[in-house]
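**Q** Sending over a structure as structure tokens; questions will come in a sec.
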Amino acid sequence: MSSHLETISAIYAAFGRGDVPFILSCLTEDVAWDDRAHHGIPLIQPRKGAAEVPAFFGTLQQAEFEQFEVKQLLAGGARVVALIEIKLLWKPTGRRFADDHAIHVWEFDGHGKVARFTHVEDTHAMWLATVAP
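So, in structure tokens, the structure goes:
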């Protein structure tokens, strides 16, 4: 198993036990976190750097996970791609979100730290669950 795969496996294990400090320790100081259009979706807000990423985990407290399963990890070069199945209840709206083909893309710098993280999921379904009136 590559060290990048080991790092991502450890990050998901930390996520499962709520160990946010460990996850943050695996990121570069200037990490790009979901640095794409967010369409007002709370969980897909662009964040930059170690100072902004903890807000993602704060927002995540509004979700009640019914399922979060890493189906497969794929590694190549400086990237690890995680195939994820997610089911959650968004507590503020009382609506559910499910995606059995979600993807997380983790990109590493030359020192083995995560420099970029991107969610790829059913954005419309996420918007309906978290934002839609």
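Going from the sequence shown to our numbering is simple: count from 1 and add 261.
By construction, the Cβ of each residue, glycine as well, lies at the ideal position given by its N, Cα and C atoms.
Computed from a predicted structure; not experimentally measured.
Using only alpha-carbon positions, find the residue among D383, V331 and H372 that is nearest to A423.
**A** A query on residue 423 cannot be resolved here, the shown segment of the chain reaching from 262 to 394 and no further.
**Q** Is the Cβ-Cβ distance between K348 and A359 less than 8 angstroms?
**A** Sequence index remark: in the sequence shown, residue 348 carries index 87 (1-based). Sequence index remark: in the sequence shown, residue 359 carries index 98 (1-based). Their beta carbons are under 8 angstroms apart, which means K348 touches A359 by this criterion.
**Q** Which same chain residues end up closer than 8 angstroms to I302 when comparing Cβ atoms and leaving out the 5 residues on each side of it in sequence?
**A** For this step, residue 302 is matched to residue 41 along the sequence shown. Contacts found: T384, M387, W388, T391 and V392.
**Q** Can you check whether the CB of E346 is closer than 8 angstroms to the CB of D361?
**A** As a first step, residue 361 is located in the sequence shown; it is residue number 100 there, counting from the start. As a first step, residue 346 is located in the sequence shown; it is residue number 85 there, counting from the start. Yes, these two residues count as a Cβ contact at 8 angstroms.
**Q** Less than 8 angstroms between the CB atoms is what I'm expecting for V375 and C287, so what's the real figure, rounded?
**A** Taking the sequence shown and counting its residues from 1, one reaches residue 375 at position 114. Taking the sequence shown and counting its residues from 1, one reaches residue 287 at position 26. Yes, V375 and C287 are in contact; Cβ-Cβ is about 6 angstroms, under 8 angstroms.
**Q** Alpha carbon to alpha carbon, how far is Q328 from W351? Give it in angstroms, no decimals.
**A** Numbered from its first residue, the sequence shown carries residue 351 at position 90. Numbered from its first residue, the sequence shown carries residue 328 at position 67. Those two C-alpha atoms are separated by around 13 angstroms.
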